[in-house]
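Chains G and Z are the protein sequences, given in the same order. Count along the first sequence from 1, add 43, and you get the number used in the numbering used here. Count along the second sequence from 1, add 43, and you get the number used in the numbering used here. A virtual CB, placed ideally from N, CA and C, is assigned to each residue, including glycine. Since the model is a prediction, treat every value here as computed from it, not as a measurement. Single-structure report; data block below.
Number of protein chains: 2
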Amino acid sequence: MINILRFSDSDFYERFRRIEERADEIPAGIEETVKEIIAAVRQRGDEAVFELTARFDRLQLSAASIEVTREEMAAAKASIDPRSLAVLELAARRIGAYHQKQKQQTWLSTEEDDVLLGQMVTPLERVGIYVPGGKAAYPSSVLMNAIPAKVAGVSEIIMTVPMPGGEANPFVLAAAAIAGVDRIFKIGGAQAVAALAYGTASVPRVDKITGPGNIYVATAKKQVFGQVGIDMIAGPSEILVINDGSGNAAHIAADLLSQAEHDELASAVLVTSCEQMALAVQQQVEKQLQQLRRESIARKSIDAYGAIIIAADLAEAIRFSNRIAPEHLELAVADPFAILPQIRHAGAIFMGHHTPEAAGDYLAGPNHTLPTGGTARFFSPLSVEDFVKKSSIISFSANGLKRLGKEVVHLAELEGLEAHGRSVSLRLHDPD
Amino acid sequence: MINILRFSDSDFYERFRRIEERADEIPAGIEETVKEIIAAVRQRGDEAVFELTARFDRLQLSAASIEVTREEMAAAKASIDPRSLAVLELAARRIGAYHQKQKQQTWLSTEEDDVLLGQMVTPLERVGIYVPGGKAAYPSSVLMNAIPAKVAGVSEIIMTVPMPGGEANPFVLAAAAIAGVDRIFKIGGAQAVAALAYGTASVPRVDKITGPGNIYVATAKKQVFGQVGIDMIAGPSEILVINDGSGNAAHIAADLLSQAEHDELASAVLVTSCEQMALAVQQQVEKQLQQLRRESIARKSIDAYGAIIIAADLAEAIRFSNRIAPEHLELAVADPFAILPQIRHAGAIFMGHHTPEAAGDYLAGPNHTLPTGGTARFFSPLSVEDFVKKSSIISFSANGLKRLGKEVVHLAELEGLEAHGRSVSLRLHDPD
């Protein structure tokens with residue numbers, strides 16, 4: 044049975060900390076292993092990538108076979124059933140339409156005589172999208188990573204997806220074709236991240252790497268950060284449902300379980316101001332758990348990291364939510380828009396009783412790559428902004444420099460940077 | 044004398060790689076030292092911070108003395124000369140006005156019946172600004188970091204600045220007062236980064252850390268990334284000047300030297316399509332070097348990492364610039380706006396002959412915290428965006444879910460995530 048807790052329990056925060064810190068520490072040895080893999084790929088390129096892929100994925104690659112051909116991509120798309128193709132295309136259209144709204148314009152401010160200031164927005168040239176293989180090879184992840192890059196105007200989208208034993212997921216390849224992925228490499232793990240970050244004879248170096256992965260992939264992304272951009276450091280997934288007693292206990296329980304089935308480390312928490320609802324959801328979770336194909340995973344998640352918390356009122360529930368900054372936040376209340384302004388941190392907010400998280404995971408439009416583990420305090424959902432960068436534009440006329448030059452020289456002197464000042468004063472004395 | 048190179052030199056790319064890679068490798072031992080410092084601060088909090096500050100900054104702190112008081116901040120502001128105060132306030136106003144234009148709005152799309160989608164923009168709650176101490180304690184850095192945070196609406200801005208031997212720079216404290224910094228702690232190095240990232244009894248935990256620092260600070264920021272946000276991984280500074288033969292050789296030389304005086308690792312490069320200009324700038328660099336107070340630093344930078352490159356034409360110069368993605372890019376050409384669209388990557392672009400980099404460093408308005416070492420391929424100037432984060436908003440009505448629910452269930456089944464599908468199908472069968 045999912046635990047019922049109260050904020051007033053003497054051990055509440057201690058118990059809750061166990062949920063919050065469930066993935067804080069990287070297991071010993073992983074950082075070193077990843078460092079060695081990255082060094083090997085930097086030094087020996089393809090050769091190291093082939094060796095590591097043979098070892099971890101039981102797949103013997105060569106320069107001739109590392110890449111999925113255009114024909115294989117097209118064949119995968121042609122091979123899937125028409126209904127699945129239509130649904131993936133619907134999701135792609137909706138994701139594209141939402142992300143179009145995130146596009147930012149280059150601007151130039153002409154308010155001031157003699158001084159033009161602006162900000163130029165340009166797409167990244169080449170990006171790498173990491174797609175997990177095996178059981179977690181999700182076509183939706185391909186769409187959610189590639190489409191924002193495409194909308195941003197990225198010239199070349201490179202995807203890596205491990206194919207353990209050579210097995211490819213046709214839906215993943217079809218999603219890549221739909222989203223406009225340019226090239227796909229059959230590699231994964233830290234070796235794929237290293238190849239994307241530094242380039243090898245076969246794999247081109249990219250400017251940024253996005254996409255989910257296991258602890259090796261996440262650690263590798265952190266280690267190459269700075270050499271390339273990365274999206275965020277992602278941990279296991281979580282949902283917080285805020286409830287005011289309104290709504291349907293079976294629906295809320297189903298939403299908690301949709302999170303719990305992901306992963307034994309996933310966390311699903313309901314905080315409700317209604318004791319009756321707490322008990323009803325507890326019963327429903329137990330009942331529905333028994334009907335799930337992924338019962339074993341979901342039960343481990345619910346037992347270790349699931350909870351129903353009874354709050355004194357909605358305000359207490361909201362304070363708690365802001366404290367933990369959940370990845371997915373459902374406002375399962377009668378009037379969600381009334382409390383939206385009080386939400387300070389959350390990856391995505393699902394409004395009201397008819398918006399299950401699953402709708403957002405697949406095709407509502409917003410991105411499903413969201414900050415986890417409280418990082419919604421400072422990270423944002425993956426977006427078009429992840430695939431562009433800005434350049435400041437500064438343009439002074441001779442008059443502009445004449446008007447502001449003395450102040451620049453003063454500040455340069457204040458900081459002891461004489462040559463900075465001289466570059467201005469020389470022009471003040473002799474403008475041309 | 045600054046070297047003159049040609050793209051056609053057989054060893055050109057080899058020589059240039061030495062400039063590009065001048066700060067690529069973190070010296071051995073630093074990562075481990077920083078890791079130990081962070082672990083010490085996490086485990087022993089203030090005690091470790093006090094010990095490390097005594098050791099590295101020769102300053103004995105206590106819980107009572109670690110913080111600069113409000114009165115000390117006000118006194119510092121009152122102590123500086125009126126002209127300096129006025130110039131700092133002018134810079135603050137101009138920086139504020141520019142960054143106001145970067146503010147993004149929360150939006151909600153109402154185009155589609157039954158489905159509302161949006162993106163909510165919220166400020167970070169508490170941020171930490173790292174300000175270097177000693178010789179590099181620059182008031183302009185305080186303004187450039189604190190003002191975007193203030194414009195973003197950050198509730199609490201915490202600054203750390205080491206005070207070796209207890210010595211404080213009154214201009215730095217005055218700038219903090221002008222910019223609206225809330226609290227200042229007299230600490231620096233990796234221990235300051237660790238204190239901000241994890242919190243101690245005296246230093247509150249922040250959501251993001253921005254600001255420049257030495258290799259220890261940069262390494263610490265990378266190590267705590269994920270626990271908190273960081274702005275970027277910054278290396279030594281650089282300028283690239285593109286010239287078409289127009290303009291004044293003395294001005295261009297002065298701009299190169301304004302970069303070179305920063306740091307022995309700084310890099311100043313001119314690429315010009317005019318051989319005569321190349322020679323004239325070479326002479327001017329030598330002449331002006333001899334007049335500089337910081338000649339010794341500037342000369343080391345110019346000798347090791349300075350260059351004048353002769354290009355066949357402007358197009359070749361631009362291709363080179365796009366290849367190296369410079370932090371500062373001066374378009375010292377007759378018609379800079381004509382070539383702006385061809386610039387793919389640069390931190391800040393200084394347009395034409397009357398816009399020396401120094402103007403942008405201090406008070407034009409755009410931020411002077413810029414991506415270095417080629418990272419303008421994927422990083423952007425520090426901006427208001429660094430101090431906000433977004434939450435996706437998704438709101439389906441019962442009708443909206445009815446219209447799209449079957450497709451969600453289909454995708455969930457495709458990915459083997461039955462419970463995801465059930466959270467929707469339950470609602471389709473029984474909407475309330």
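Residue from the options whose Cα sits closest to the Cα of residue i
i	options	result
valine 84 of chain Z	Z:Thr165, Z:Thr243, Z:Glu132	Z:Thr243
proline 166 of chain Z	Z:Glu115, Z:Val249, Z:Ile81, Z:Lys330	Z:Val249
lysine 78 of chain Z	Z:Gln234, Z:Ser183, Z:Val204, Z:Asn212	Z:Gln234
alanine 180 of chain Z	Z:Lys193, Z:Val164, Z:Glu168, Z:Met202	Z:Met202
leucine 313 of chain Z	Z:Ile351, Z:Glu132, Z:Gly209, Z:Glu456	Z:Ile351
valine 164 of chain G	G:Ser184, G:Ala195, G:Ala135, G:Gly171	G:Ala195
arginine 169 of chain G	Z:His388, Z:Arg446, Z:Gly459	Z:His388
valine 271 of chain Z	Z:Ala238, Z:Ile258, Z:Asn257	Z:Ala238
phenylalanine 393 of chain G	G:Thr315, G:His371, G:Gln385	G:His371
alanine 107 of chain G	G:Arg61, G:Ala219, G:Phe93	G:Phe93
threonine 149 of chain Z	G:Leu425, G:Gly448, G:Leu383, G:Ser438	G:Leu383
alanine 401 of chain Z	G:Glu458, G:Arg58, G:Ile367	G:Glu458
Assumed close pair residue i, residue j - CB separation to whole angstroms, cut-off 8 Å
i	j	result
glycine 278 of chain Z	alanine 66 of chain Z	4 Å
leucine 469 of chain G	alanine 297 of chain Z	5 Å
glycine 223 of chain Z	tyrosine 173 of chain Z	About 17 Å separates the two Cβ atoms, so there is no contact after all.
isoleucine 200 of chain G	valine 111 of chain G	Wrong, their Cβ atoms sit about 13 Å apart, outside the cutoff.
serine 364 of chain Z	leucine 283 of chain Z	6 Å
isoleucine 47 of chain Z	glutamine 266 of chain Z	Wrong, their Cβ atoms sit about 41 Å apart, outside the cutoff.
Status (buried if at least 16 other CB within 10 Å, exposed otherwise) for residue i
i	result
serine 105 of chain Z	exposed
lysine 71 of chain G	Correcting the residue identity first, residue 71 of chain G is alanine in this sequence and not lysine. Burial call: exposed.
glutamine 302 of chain Z	buried
aspartate 287 of chain Z	buried
proline 125 of chain Z	exposed
aspartate 473 of chain G	exposed
tyrosine 56 of chain G	exposed
glutamine 145 of chain Z	buried
glutamate 210 of chain Z	exposed
glycine 161 of chain G	buried
aspartate 54 of chain Z	exposed
arginine 60 of chain G	exposed
is_contact[residue i, chain G] using C-beta, thresh 9 Å
i	result
asparagine 286 of chain Z	no
glutamine 86 of chain Z	no
methionine 187 of chain Z	no
isoleucine 437 of chain Z	yes
tyrosine 181 of chain Z	yes
methionine 206 of chain Z	no
aspartate 404 of chain Z	yes
lysine 146 of chain Z	no
Proximity of residue i and residue j at Cβ, strictly below 9 Å
i	j	result
serine 280 of chain G	threonine 415 of chain G	yes
valine 130 of chain G	glutamate 155 of chain Z	no
histidine 142 of chain Z	alanine 441 of chain G	no
isoleucine 436 of chain G	leucine 102 of chain G	no
methionine 320 of chain Z	glycine 349 of chain Z	no
glutamine 327 of chain G	alanine 377 of chain G	no
valine 197 of chain G	aspartate 89 of chain G	no
leucine 216 of chain G	alanine 375 of chain G	no
leucine 186 of chain G	isoleucine 230 of chain G	no
arginine 342 of chain Z	glutamate 461 of chain G	no
phenylalanine 50 of chain G	alanine 355 of chain G	yes
alanine 192 of chain Z	valine 236 of chain Z	no
isoleucine 483 of chain Z	isoleucine 361 of chain Z	Outside the shown range of chain Z, which is 44 to 475, sits residue 483 of chain Z, and nothing can be said about it.
arginine 465 of chain Z	glutamine 333 of chain G	no
glutamate 359 of chain G	serine 316 of chain G	yes
valine 260 of chain G	glycine 232 of chain G	yes
CB contact below 9 Å: residue i versus chain Z
i	result
alanine 462 of chain G	yes
glycine 390 of chain G	yes
proline 70 of chain G	no
methionine 394 of chain G	yes
histidine 139 of chain G	Contrary to the premise, residue 139 of chain G reads as glycine rather than histidine in this sequence. Glycine 139 of chain G does not count as touching chain Z.
serine 310 of chain G	no
isoleucine 172 of chain G	no
Proximity test, Cβ basis, 9 Å: residue i and chain A
i	result
phenylalanine 93 of chain Z	Within the model displayed, chain A is absent; protein chains G and Z are what it includes.
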